[in-house]
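>
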Amino acid sequence: MHCPLQKGKRWGSSDAEFVRPVHWLVVLHGSKTIPCRLLDVVSGNRSSGHRFMARHPVRIRSASSYETDLKSDGQVIADFAVRRDMISRQITRLAKQAGGSAVDDPELLDLVTGLVEKPYSLLGRFDVSFVQMPSEVLVASIRDHQKYFHIVDEQGALMPCFIAVSNIRSKQPARVRQGNERVLRARLSDARFFWDHDRRTRLESRVADLENVTFHHRLGSLYDKTLRLEVLAGRLAQHFGLDPSLSSRAARLCKADLTTDMVGEFPKLQGTMGRYYADHDGERRAVSQAIGEHYLPQQAGDSLPGSRIGRILSLADRIDSLVGLFSAGEEPTGDRDPYALRRAALGIIRILVEKKIDLAITTLIDMSVDAYQQASCPIEQDTRSGSAHF
327 MHCPLQKGKR WGSSDAEFVR PVHWLVVLHG SKTIPCRLLD VVSGNRSSGH RFMARHPVRI
387 RSASSYETDL KSDGQVIADF AVRRDMISRQ ITRLAKQAGG SAVDDPELLD LVTGLVEKPY
447 SLLGRFDVSF VQMPSEVLVA SIRDHQKYFH IVDEQGALMP CFIAVSNIRS KQPARVRQGN
507 ERVLRARLSD ARFFWDHDRR TRLESRVADL ENVTFHHRLG SLYDKTLRLE VLAGRLAQHF
567 GLDPSLSSRA ARLCKADLTT DMVGEFPKLQ GTMGRYYADH DGERRAVSQA IGEHYLPQQA
627 GDSLPGSRIG RILSLADRID SLVGLFSAGE EPTGDRDPYA LRRAALGIIR ILVEKKIDLA
687 ITTLIDMSVD AYQQASCPIE QDTRSGSAHF
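Numbering of the sequence shown is given in this note's numbering, commencing with residue 327 and proceeding in unit increments.
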């Protein structure tokens with residue numbers, strides 16, 4: 327039997343590979359058990375009940391009674407869609423009880439649905455003082471670390487409460503709630519430490535630390551990339567009749583937050599934290615906004631940079647990666663694109679087309695090639711044509 331798994335594992339002495347160990351196998355046609363052996367497990371008509379509330383074998387009478395038998399005798403809701411709907415309704419009710427509404431998050435809802443056999447949601451709270459941190463930091467701690475759902479008020483502001491989904495119905499729900507609150511409090515305390523500690527060092531002072539972060543072994547460090555971005559962003563600004571000093575300043579600082587504790591803990595906050603720290607340092611608003619926008623768009627359908635300097639910086643960052651990585655032999659293949667160059671190229675096209683920017687792709691490539699050559703990193707002609715064709 328071959329399963330199309332991205333990463334299969336062997337369990338025990340068996341040569342069979344699967345994502346997790348297989349403990350039992352139910353194969354029925356009507357009420358008849360079909361004898362077979364898959365993944366070194368012999369088929370039968372017995373499944374298992376809820377891991378905590380009904381930990382015993384559950385006899386499946388027939389294929390048609392599978393869900394009913396598991397629910398009645400095993401305390402397991404087998405249907406993913408039913409569990410998902412249960413969680414969704416529980417979240418809506420608890421958020422309303424808290425005086426707000428749960429943020430629609432299908433990805434998290436699917437993830438949590440797959441973690442429980444019979445969901446029981448609970449409402450928890452955290453100290454309102456944590457709300458003084460950026461909302462993105464709170465959401466990252468609540469959602470990404472703890473897999474909790476956050477709640478917002480009528481104005482969309484984050485409220486100091488959350489919803490956790492448990493796999494058991496406890497006889498002491500208050501203790502379960504307090505346990506979840508205690509864990510989240512520790513997470514938020516760590517985040518507040520990062521927030522306070524990072525702001526003691528200006529972004530400008532962090533730029534030199536980028537020398538210790540490799541961009542690509544043939545293209546140097548992120549500091550080298552930063553120097554190229556300063557040149558390229560300044561030239562793009564001149565091309566569009568804008569102040570090159572603001573674009574170059576944004577380019578100089580745009581990668582500095584990668585050396586902060588907060589981004590080290592929450593990589594998805596890169597750019598976002600740079601914007602907050604730039605504001606704290608007293609940088610021009612146009613500079614901090616561009617830093618926060620320069621990773622946009624991150625995926626299909628994502629919003630584009632709203633400011634002109636943000637668009638310049640986004641274009642510069644993407645074209646520098648495309649030209650440099652093509653020259654380093656990292657062109658994407660049919661099943662391999664480790665540097666997300668397709669996404670970078672689509673981002674460039676979207677910005678140019680949707681923002682109606684009059685700039686030829688070949689001109690943008692030539693500007694990037696010139697920045698590499700100025701940095702004593704010459705780019706061959708084949709790379710120019712290859713990047714343009716891609």
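Glycine included, C-beta positions come from ideal geometry on N, C-alpha and C.
For clarity, every value in this text was computed on a predicted model and none was experimentally measured.
Alpha carbon to alpha carbon, how far is residue 523 from residue 588? Give it in angstroms, no decimals.
Distance between the alpha carbons of residue 588 and residue 523 is about 9 angstroms.
> What is the rounded straight-line gap between the Cα of residue 486 and the Cα of residue 572?
Near 37 angstroms, if we compare the C-alpha coordinates of residue 572 and residue 486.
> Could you name the residues of the same chain whose beta carbon sits closer than 7 angstroms to that of residue 713, not counting the 5 residues immediately before and after it, in chain order?
The residues are 648, 649, 652 and 691.
> Taking the alpha-carbon positions, what's the residue 349 to residue 367 distance?
Using only the alpha carbons, I get a separation of about 7 angstroms.
> Please work out which residues of its chain come closer than 6 angstroms, Cβ to Cβ, to residue 380, disregarding the five sequence neighbours upstream and downstream, and give them in chain order.
Hits under 6 angstroms: 400 and 401.
> If the criterion is Cβ atoms closer than 9 angstroms, does the pair residue 362 and residue 351 meet it?
Yes, the pair counts as a contact, with Cβ atoms nearer than the cut-off.
> Under DSSP, the alpha helix (DSSP H) around residue 477 begins and ends at which residues?
Residue 477 -> not in any alpha helix (DSSP H); beta strand (DSSP E) instead, spanning 475–478.
> Alpha carbons only, please: which of 489, 455 and 622 is nearest the one belonging to residue 423?
For the residues 489, 455 and 622, the minimum Cα distance to residue 423 belongs to 489.
> Any contact between the stretch 450–462 and the stretch 404–419? By contact I mean 3 or more CB pairs, one from each, below 8 angstroms.
The stretch 450–462 is not in contact with the stretch 404–419.
> Could you check whether residue 492 and residue 448 sit closer than 9 angstroms to each other, using their CB atoms as the reference points?
Against a cut-off of 9 angstroms, the Cβ pair of residue 492 and residue 448 comes out as a contact.
> Sorry if obvious, but does the Cβ on residue 422 come closer than 8 angstroms to a heavy atom of the ligand HEM?
Among the components modelled here there is no ligand, and therefore nothing to report on the ligand HEM.
> Buried or exposed, going by whether 16 or more other CB atoms sit within 10 Å of the CB of residue 631?
Label assigned to residue 631: buried.
> When we look at the beta-carbon of residue 727 and count the other beta-carbons within 10 Å, is it buried (16 or more) or exposed?
Residue 727 cannot be examined here, being either before or after the span of the chain that is shown, 327 to 716.
> Mapping DSSP to helix, strand and coil, what is residue 359?
Strand.
> If you compare alpha carbons, which of 346, 391, 453 and 382 is closest to residue 356?
It is 391.
> Would you tell me roughly how many angstroms separate the C-alpha atoms of residue 719 and residue 405, rounded to the nearest one?
What the structure shows of the chain is the stretch from 327 to 716, and residue 719 is not part of that stretch, so it cannot be assessed.
> Evaluate the contact criterion for the stretch 505–525 versus the stretch 543–563: three or more CB pairs, one atom per stretch, below 8 angstroms.
Result no; under three Cβ-Cβ pairs closer than 8 angstroms.
> Tell me whether residue 664 is buried or exposed, calling it buried when 16 or more other Cβ atoms sit within 10 Å of its Cβ.
By the 10 Å Cβ count, residue 664 comes out exposed.
> Tell me which same chain residues have a C-beta within less than 7 angstroms of the C-beta of residue 610, skipping the five on either side of it?
Contacts found: 572.
> Can you tell me where the alpha helix (DSSP H) with residue 637 in it begins and where it stops?
Start and end: 634–653.
> In three-state terms, what does DSSP make of residue 385?
Residue 385: strand per DSSP, three-state reduction.
> What do you get for residue 641, buried or exposed, if any count of 16 or more other CB atoms within 10 angstroms of its CB means buried?
By the neighbour-count rule (16 or more Cβ atoms within 10 Å), residue 641 is buried.
> Run the CB neighbour count on residue 675, radius 10 Å, all protein chains shown included, and call it buried at 16 or more, exposed below.
The residue is exposed, with fewer than 16 neighbouring Cβ atoms inside 10 Å.
> So, residue 479 versus residue 426, is the Cβ gap smaller than 9 angstroms?
Closer than 9 angstroms, so yes.
> Let me confirm a value: residue 382 is counted as buried when at least 16 other C-beta atoms fall within 10 Å, else exposed. Which label applies?
Flag for residue 382 reads exposed.
> Check whether the stretch 573–586 and the stretch 694–701 touch, using three or more Cβ-Cβ pairs below 8 angstroms as the test.
Segments in contact, no.
> Exposed or buried, residue 598, counting other C-beta atoms within 10 Å across all chains shown (16 or more means buried)?
It is buried - the Cβ of residue 598 has at least 16 other Cβ atoms within 10 Å.
> Apart from the five residues just before and just after residue 477, which ones in its own chain have a Cβ nearer than 8 angstroms to its Cβ?
Once the five neighbours on either side are set aside, the close Cβ partners of residue 477 are 421, 424, 426, 427, 428, 429, 484, 485, 487, 488 and 489.
> I need the straight-line Cα distance from residue 528 to residue 658, nearest angstrom please.
So the alpha carbons of these two residues sit roughly 37 angstroms apart.
> For residue 706, which of helix, strand or coil comes out of DSSP?
Reduced to three states, the DSSP call for residue 706 is coil.
> Let's test the definition: count the other Cβ atoms within 10 Å of the Cβ of residue 341 and tell me whether it reaches 16, buried, or not, exposed.
The residue in question, residue 341, is exposed, as its Cβ has fewer than 16 Cβ neighbours within 10 Å.
> Excluding sequence positions up to five away, which residues of its chain have a Cβ less than 7 angstroms from the Cβ of residue 622?
Only 628, 629, 630, 631 and 640 meet the Cβ criterion.
> What residues are listed by DSSP as bridge partners for residue 343?
Residue 343 is bridged to 336.
> CB-CB under 7 angstroms to residue 644, same chain, minus the five flanking residues each way: which ones, in chain order?
These residues qualify, in order along the chain: 670, 673 and 674.
> Identify which residue in 593, 403 and 634 has its Cα closest to the Cα of residue 470.
Closest by alpha carbon: 593.
> Under three-state DSSP, which class holds residue 667?
Of the three classes helix, strand and coil, the one that applies to residue 667 here is helix, per DSSP.
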